[in-house]
Amino acid sequence: MNTLIKKFFKPAFERFNEVQPSMAIDLATAVLMVEVSKADFSQDETELQSIRQLLLDHLSLCEEEVDTLLVNAHEEADRLVSL
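Using this note's numbering, read the sequence shown as starting at 102 and increasing by one per residue.
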């Protein structure tokens with residue numbers, strides 16, 4: 102089972118290794134927030150704006166960087182689900 106879990110997450114870890122550690126943590130944080138927002142099988146604009154504001158408040162990023170981070174987080178979340 103442990104091998105299966107490692108195999109599942111290997112592409113994500115490899116991709117995170119391509120970026121700076123702090124950026125990888127920011128991306129992982131955003132991906133997790135996006136995934137949690139999808140837990141009820143519904144995402145509305147209020148949720149997405151809350152995620153954006155939380156990222157702005159807690160990460161050392163400007164608005165443009167947070168917007169890019171969210172685009173990447175949605176793409177990564179979709180990619181992980183397709184695995």
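Glycine residues also receive a C-beta, built at the ideal position from the N, C-alpha and C atoms.
| query | result |
| --- | --- |
| Taking the Cβ atom as the reference point for each residue, do Leu171 and Ala131 lie within a distance shorter than 9 Å? | yes |
| Can you tell me whether Asp141 is helix, strand or coil according to DSSP? | coil |
| With DSSP run on the structure shown, which of helix, strand or coil describes Ser151? | helix |
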